[in-house]
Each structure stands twice: as structure tokens, then as C-alpha cells.
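Residue numbers (this note's numbering), protein chains in the order written: chain A, 559 to 734; chain B, 33 to 353. Glycine is no exception: its CB is placed at the ideal position from the N, C-alpha and C atoms. None of the values given here were measured: they were computed from a predicted structure. Shown next, in C-alpha cells, is the structure this report addresses.
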Amino acid sequence: MNKYKFSFILTLLFLFSTTLSAHGPSRQKVSEKIQINAESSKVWSIVKNFKDFKWNSEITECSASKNSVGSERVIEFSNGSKVKQKLEKLDENKMMIGWRIIETDNKMLPVNSYAAKVFVKNNDDDTSTINYKAGFYRGFMGNDPPEELNDENSKKKVQEFIKKSLEGLKEIAEKN
Amino acid sequence: MLRRISFHLSFCFTFFSFFCVLAKSDIAIITNQEADTVDIINLKEKKKISEITVGKKPAGIFIDKSKKIFFTSNPGSNNISMVNLKNLEHVLLNGGKSPMSLQFNTDSNLLYISNWFENQISILDINKNKITSKINVGKSPAGMYLTNSNKLFVAIKGEDIITIIDTVSLKKIKDVKVGKAPYGVFSNEDTNLLFVTNVQSNSVTIIDKNSFKALTNVDVGEWPYQIAYENKRKLIFVTNQRDNSISIIDLKKLKVSKTLDDICEYPEGIDISYNENLIVVACWFEDNIILLNLESYKLVKKINVSGGPRSFGNFILEDYE
């Protein structure tokens, strides 16, 4: 009898707790790939040029002084948003570059602790495969985020940004 | 005739023992934050044997070896999952808001829960499913470790301290200054040392569990998260989430003796299976776990899991049947 009573209370508590669901932030990830009809060395020379990141058609300005680890760049979008990033990893042998967002505008990229890496891989047929990976938390770190800054919408914005960036990279690399 | 019976008996006994050896295995219990599941991996056979749906966004884990149960913290649904390993029965318990790290006292049946957004530690009586006490602590409590002498060490990420609580009097004993943004707190019954990962200062603080003094800070890779203690050679293994590496700290010298690079993307949970001679690492970005040989550190196998593995806490149970 006690056992049934206990199960009943547990069921009630479960229903109660799920209706109150206030989500704590959990880390999000986005990984997108694109194949480019250009040699990997050519694609890598564009990707590693940290101070001239203009693959995304919504980026109007990119200002940075250097291409070395520790350098910072400010990218400006057509809607006026500015995002500041820091170059953290640059590996010529692996053809991998990594940066972190140090200041963002939630209108464009609603994220916290955002770190991204781009890998360029050589294919046998003189094409390249690019893998752009990002790990981040949503735009609002507290409990009960506004809809536009929740897990789902933050991830959606990052996904859109990365897809557009890769499409732009493909266009630039295949054109010249 | 007797000889024949004896032979048969001895054959049966040998076969039975062999079967028993085969049937027993260390298991890894993996919380999958993106799939709302826990995967159970048989480390002898090196394959996934069960998948259990738990609460939302499971992250923290605690295994009670004597009762053969485990708990997960589910910050997405603000509760705790309790799973009986004998029959995989699952019940949801109260966890307070945004539960993170878990520690359990098997004698008193009290579960200690750090509540990230609430800045408190909840104490849950699992028999009554009732939070019996709440202790206010500093901003963003994360990892915890409960000693046999009823001292609870809590990482207070937002204040760069470890708060030590007496779980009998429920009073704070001391705050110990550590590095920036402490997150994981790990130790073991075999050592007087306690290890804290400082995520934003890329270091591990080593604290004496008895004197409550910080002994030293050891620089490791970028964004250290979790730690496994190896009691034979007195080493600790630290996952560096943003470096994709593991730092190995020699506790006799209190410095990094080796770094294992290119482990996987975002290594997080790490634990040791002595029976299978393995280090097990949860690779959050890659949705798999990797098994490394405990001595050579060579990759033995990658095993896919449900999604977003974290396993925040010790997650290996030895000799599971």
C-alpha cells in the first residue's frame, strides 16, 4: 500500500515539476560542411586570412591588424551589428583555424562563450571539404530566457551564419 | 566412475566461473545532454548495452556502488533521475532548480545537489523524495565532493572559491581561494588531495582535504573541465575542453608530466576502468566516448553514444553483473 502511495506521490511530483520547466543553459553545437571545387591550398589561404573575413555576404567590414594568434578583429554586418573575435588557434599542418567571440551583438549572434574552428581537408579529386564547427551557450545565460535568446533560436542564428559563411567561401574560392 | 563425476564437476565449475568472469564487467554510465538519455557501455565488450530515457538535459552523475543505483541531474526539467541498475527502473525525484553536481551519502540516503541558478545546495532525502535542507552558497555552485568525514567541498564558479560545508551541522566551515571560474571538484578515498579545475585560468588547484589549504596551482591546457585520479602511479588526468587534450599531472612532482593532444573535440567527463585498463573520455562535440589504454594512452576504440555526452562526475562502475 505504502509502495503505491509513494509511486502516486512521485507521479504527481513529476507532473508538477515538468509543468514548471525552466531551462538551465546547456551548451549548443553546430557543425556544417561544404565541398568546394578548388584545391585545399587555395581554400586554406582564404580561410587562414583572419584579418580579411568577408565570406559571409552580410559582413560589410572586417578590421584587424594581424593574422597571428592573439589578434582581434571586428566584423560589421549590414544591419549595423558588430562582433569582436580573437584568433586563438592557427595550425598550418592541419589546416585548422580557431577563434572565439569576445563581444557580440545578440541581434546577429545571440551567444555566450562561443568558440569556432574551421578545418580544410584535401580531397583526392582536387576539391576540398570545409568543416566549420562552433560550440557556444545561448544568448541569455540566466533562467527563463526571452524567446529570441533561448537555446533553439540562438542555435538557429548560428546555423544560418555558418551556412551563409560557407556558401560565401565556396563562391569566392571557386570564382578566382 | 567417481573420477568421471569429479571431472564433470570440475569442468562445470570451470565453465561456470568462466561464464561469471565474462558476465561481470566494468560499465561506463554516460549522460547525453542533447538526447535526454543515459547510455550504459560495457567496457569489457566495448559496446553500448542499454539506453535509458531520463529527465531533460542530463549532465551530472553519481553512482552509488553499494546500492547499485545511479543519479543524474536534469537541469532541463529541474529534477533528478534515480535508476536502479539491477532492473534499470527509473524514477524522477525533486532536484530544485537547475541541478548540476551530485554527491550521495549512502548511510543517510541524502543526496546533495548544487543548484546553479539558485546559489544553493539542496539536500534530498531520497526515501521521502523531499528536500530536507537548503544551504545558501555563493554565485553559481558547480562541482562538489563529499568526504567520508561529512565535509562537502563545493566549487563556487562565480566567486573563484571552494566553499567547505559540514554536512552534520549544515554550516560553512571555510572558503578557499582558487583560480578563476572553478568548475569540477574531484577526489578519491585513497588520497588526501582534492583537485579543482579552474576553467578560465587554465589551471588545477590542489587542496589538502584535511587542512583545507590550497597547496598549489598547476597550469594545464585551455578550459580544464574534469579530472580522473589514478591511484597506482599517483597521477591525475585532466580534460582540457578547448584544447582537445588531456594534461597528466604527476602528484609526486605536482606538475604536468605529459600532455595528450588531439584526443577529441571537447573532451569532458573522464574516468578510469582498472579492470579493463582503460581511460574513458566523453567527447561532447563528437557524440562518442573514446577508450584509451591506461598505460600507453593509445586509442583502443571509439563508441558512438546518443548525443552530447557530458558525464559530469565519476561515471564508471566496476564489476557490474
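- Residue range 267-272 is occupied by the beta strand (DSSP E) that includes residue 269/B.
- Sequence-distant Cβ neighbours of residue 318/B in its own chain, meaning closer than 6 Å and more than five residues away, are 296, 297.
- Of the residues 643/A, 604/A, 687/A, 585/A, the one whose Cα lies closest to the Cα of residue 628/A is 643/A.
- Against residue 673/A, the close residues of chain B are 274, in the order they occur along the chain (beta-carbon pairs closer than 8 Å).
- Per DSSP, the continuous alpha helix (DSSP H) segment holding residue 712/A begins and ends at 709-733.
- In this structure, DSSP gives residue 602/A a helical state, which the three-state scheme calls helix.
- Spanning the alpha carbons of residue 601/A and residue 608/A requires a straight line of approximately 13 Å.
- Inter-residue distance for residue 724/A and residue 148/B is about 36 Å (C-alpha atoms, whole angstroms).
- Residues of chain B whose Cβ lies closer than 8 Å to the Cβ of residue 701/A are, in chain order, 129, 130, 149.
- Just so you know, the alpha carbons of residue 117/B and residue 316/B end up roughly 24 Å apart.
- Looking at the DSSP output, residue 690/A sits in a beta bridge with 590/A, 676/A.
- Among the residues facing chain B, residue 693/A is included, as its CB has a counterpart in that chain under 8 Å away.
- 249/B is the residue among 232/B, 155/B, 249/B whose C-alpha sits nearest the C-alpha of residue 240/B.
- With 16 or more other CB atoms across the displayed protein chains lying within 10 angstroms of its CB, residue 195/B is buried.
- At a C-beta separation below 9 Å, residue 135/B has no neighbours in chain A, since its nearest C-beta there lies roughly 19 Å away.
- If you check the CB distance, residue 128/B and residue 106/B do not come in under 8 Å.
- Only exposed fits residue 243/B, as fewer than 16 other CB atoms lie within 10 angstroms of its CB.
- The beta-carbon of residue 679/A is placed no less than 8 Å from the nearest beta-carbon of chain B.
- From the listed residues 201/B, 74/B, 139/B, 202/B, the smallest Cα separation to residue 98/B is found for 139/B.
- Judged by DSSP in its simplified three-state form, residue 211/B adopts coil rather than helix or strand.
- Burial is judged here by how many other beta carbons sit within 10 angstroms of a residue's own beta carbon; residue 81/B has fewer than 16 and is exposed.
- Using beta-carbon distances, residue 587/A counts as an interface residue toward chain B, with a partner under 8 Å.
- Cβ neighbours of residue 171/B within its own chain (closer than 6 Å, five residues either side excluded): 151, 190, 191.
- For the segment 277-305 of chain B, the beta-carbon criterion of a distance under 8 Å to any beta-carbon of chain A is satisfied by 297, 298.
- When DSSP states are grouped into helix, strand and coil, residue 661/A belongs to the strand group.
- Of all residues in the segment 63-79 of chain B, those with a C-beta nearer than 7 Å to a C-beta of chain A are 65, reading in chain order.
- The C-beta of residue 144/B has 16 or more other C-beta atoms within 10 Å across all chains shown, which makes the residue buried.
- Pairing residue 93/B with residue 102/B gives a Cβ-Cβ distance under 8 Å.
- The C-beta of residue 214/B comes no closer than 8 Å to any C-beta of chain A.
- Chain A has no Cβ within less than 8 Å of the Cβ of residue 347/B.
- Under the 8 Å Cβ criterion, the segment 201-219 of chain B counts as touching the segment 256-267 of chain B, having at least three qualifying pairs.
- Closer than 8 Å to the CB of residue 94/B there is not a single CB belonging to chain A.
- Beta-bridge partners assigned by DSSP to residue 668/A: none are found.
- Within the segment 253-270 of chain B, no residue places its CB atom closer than 7 Å to a CB of chain A.
- The beta strand (DSSP E) runs lying completely inside the segment 188-245 of chain B and spanning 3 residues or more are 193-198, 203-209, 214-218, 225-230, 235-240, given in chain order.
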